[in-house]
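Residue numbers (the working numbering): 6 to 174.
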């Protein structure tokens with residue numbers, strides 16, 4: 006069994022560190038979740054937040070989602086481009102208008118104190134075209150509210166059966 010295969014089977018937790026994989030989603034310490042409905046302390050909670058990021062469409066739902074998941078000073082760095090809160094929010098609304106189906110799978114998840122790292126894969130449908138993606142996320146979580154303070158993401162994607170694309174949002 007190679008390193009990647011071994012790593013995907015790991016589930017290790019201590020009071021300050023949690024490493025989870027899709028193969029065992031139930032091994033996680035109980036970190037406080039703060040005031041948010043989304044629990045960024047677990048793989049399942051992070052996956053729910055990521056799925057809901059792009060699956061609802063009304064401006065009211067976008068606002069409610071943003072208020073539940075990020076701090077007012079939140080910023081998102083996506084493939085090297087930094088978006089402050091207002092630009093991120095506009096981008097979120099834009100993506101929600103384009104996507105007709107989105108099913109992210111959090112393959113790996115690591116939470117250590119206020120830091121989070123995850124790897125996601127999945128398929129998103131854009132204008133009727135199925136597009137695969139792989140995304141690596143690194144976040145800082147506000148200890149009091151449980152919301153994301155920042156998210157740095159590197160993603161690749163492309164049409165199913167074709168080469169991947171490294172691009173900006």
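We treat Cβ as the ideally placed atom computed from N, Cα and C, and that holds for glycine.
Between the CA atoms of residue j and residue i - distance to the nearest angstrom
i           : j           : result
residue 81  : residue 165 : 27 Å
residue 106 : residue 75  : 23 Å
residue 129 : residue 148 : 31 Å
residue 103 : residue 59  : 9 Å
residue 70  : residue 150 : 14 Å
residue 163 : residue 134 : 10 Å
residue 152 : residue 48  : 15 Å
residue 167 : residue 137 : 10 Å
residue 65  : residue 98  : 10 Å
residue 124 : residue 55  : 11 Å
Same chain only: Cβ atoms within 8 Å of residue i, ignoring 5 sequence neighbours per side
i           : result
residue 158 : 81, 82, 83, 84, 140, 141, 142, 143
residue 67  : 61, 94, 97, 98, 101
residue 126 : 109, 110, 112, 137, 138, 139, 140
residue 63  : none
Residues near residue i in its chain [Cβ-Cβ closer than 6 Å; skip 5 each side]
i           : result
residue 52  : 111
residue 155 : 80, 145
residue 122 : 115, 143
Simplified DSSP assignment, three categories, for residue i
i          : result
residue 74 : helix
Contact set for residue i: own chain, Cβ-Cβ below 7 Å, skip 5 residues either direction
i           : result
residue 169 : 161, 162, 163
residue 77  : 90
residue 131 : 103, 104
residue 57  : 70
residue 50  : 43, 44
Contiguous alpha helix (DSSP H) assignments of at least 4 residues, all confined to the segment 78-164: 90-103
Does the segment 84-93 come into contact with the segment 107-123, if we say contact requires no fewer than three beta-carbon pairs (one atom in each stretch) closer than 8 Å? No, they do not touch.
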